[in-house]
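Basically this note's numbering = 1-based index in the sequence shown + 232.
Ideal Cβ positions, reconstructed from N, Cα and C, are used throughout, including at glycine.
For clarity, every value in this text was computed on a predicted model and none was experimentally measured.
Report on the following structure.
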Amino acid sequence: MIPHLRSLGRLALCATVILLSSCRREDESPPVAPPPFQGGPGSAPPYAPGPPAPPAAQPLARAPGFPCGSDADLVCAFAHCMQGACGGCLTDADCKPNAACAPTPFGGACFARGLAQGPAPAPAPPPVPGPQPAGDRFERARQLCVDRTNEYRARVGVAPVVRNRDRESCTDGEAADDARSGRPHGTMGRCGESSQNACPDYPGATPEATLSDCLAQMFAEGPGEPYSEHGHYINMTSRDARSVACGVVVTPSGKLWINQNFFRW
């Protein structure tokens, strides 16, 4: 009986050992690894705005230009007369063949092709009128202005005008300021004139030659109406005019700017 109990004890002990051994192997199995860490402070790149988008190109606006009646007007040397004004442009098609459309602070404007290329030059100092009366470098041009005007007036049977020397210095100042601003007739009326013709920014070998050409172009506008198309001729041959003063300046680029003021006294 005792040996049999001992055998049962041994079997129970073996079963216990096997059970404990099996439990140990289950407890010692490797843990399942967690998925790799995908986040955390500082793992995302800091936000930074991208470079600003370049501003959209603004279409070129047309500069105001000068009042005109036709392409033959003196103020339309480089631009076509469109909608009663010339000088402003959107493209080269708005300019005459000798000119091109270029941007300015006031909008697109027509310039001689040599001037329309490259960066705009620095602003030039305003032209300074010549001294008067002693040593007046434009004396011959001023007298020619009066004489040639009276020749044209005589052709249509209108009384001659006299030279208004008292207003020549003032007219020089008008021409100088108009040349600086680039606006023909920009100062008209400052000297008390009733009407004004202008030869703006004209090239020429001499003031006399330039003046002769300019006056011939003005007289060739007439006779006729309306004033917007024949204004220079009408001013030159007006029966109301009694005197005339001609202002002349040379711009820094060597061009001539001539104002012709008519007075009723």
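Per DSSP, cross-strand counterpart(s) of residue i
i    : result
S475 : V394 and F495
V480 : I490
T498 : Since the first and last residues shown for the chain are 233 and 497, residue 498 lies out of range.
C318 : F298
A311 : C327
A293 : Its beta-bridge partners do not exist; DSSP assigns none.
A344 : A331
CB-CB length for residue i against residue j, believed under 8 Å
i    : j    : result
P432 : D410 : 7 Å
L332 : A295 : As written in the sequence, residue 332 is Ala, which differs from the Leu given in the question. Wrong, their Cβ atoms sit about 14 Å apart, outside the cutoff.
L306 : Q449 : 6 Å
C313 : C300 : 4 Å
T469 : V390 : 5 Å
E406 : G479 : 6 Å
R380 : S444 : 6 Å
Buried versus exposed call for residue i [16 or more other C-beta atoms within 10 Å across all chains shown]
i    : result
R465 : Note that residue 465 is Tyr in the sequence shown here, rather than Arg. Looking at its Cβ environment, which holds 16 or more other Cβ atoms inside 10 Å, Y465 is buried.
Q492 : buried
D404 : buried
A304 : exposed
Y434 : buried
N330 : exposed
Q375 : exposed
P363 : At P363, the pLDDT of 45 sits below 50, so the modelled position is not reliable; the number obtained from the coordinates is stated separately. By the neighbour-count rule (16 or more Cβ atoms within 10 Å), P363 is not buried but exposed.
P263 : Only weak support is given to the placement of P263: the predicted model assigns it a pLDDT of 40, under 50, and the question is left unresolved by the model.
G297 : buried
G383 : The question names Gly, yet the displayed sequence has Glu at residue 383. Label assigned to E383: exposed.
R399 : buried
S460 : exposed
W489 : buried
R471 : exposed
R387 : exposed
G319 : buried
E457 : exposed
G421 : exposed
A334 : buried
R496 : exposed
R385 : buried
V378 : buried
V476 : buried
A452 : exposed
A473 : buried
G463 : buried
Range covered by the beta strand (DSSP E) that runs through residue i
i    : result
S460 : Taken as a continuous stretch (DSSP letters only), S460 belongs to no beta strand (DSSP E), being part of the alpha helix (DSSP H) at Y459 to M468.
N-terminal and C-terminal residue of the alpha helix (DSSP H) that residue i is part of
i    : result
N429 : No alpha helix (DSSP H) contains N429, which is instead part of the beta strand (DSSP E) from S427 to Y434.
G389 : Here G389 belongs to no alpha helix (DSSP H), and DSSP marks it neither H nor E.
L443 : P439 to F451
R399 : No alpha helix (DSSP H) contains R399, which DSSP labels as neither H nor E.
Next item on the list: Say whether the region 434 to 442 touches the region 406 to 426, bearing in mind that this needs 3 or more beta-carbon pairs closer than 8 Å, one atom from each stretch.
Entry: no
Notebook entry, point to check: Just checking, does the region 323 to 342 make contact with the region 468 to 485 on the three C-beta pairs under 8 Å criterion?
Noted result: no
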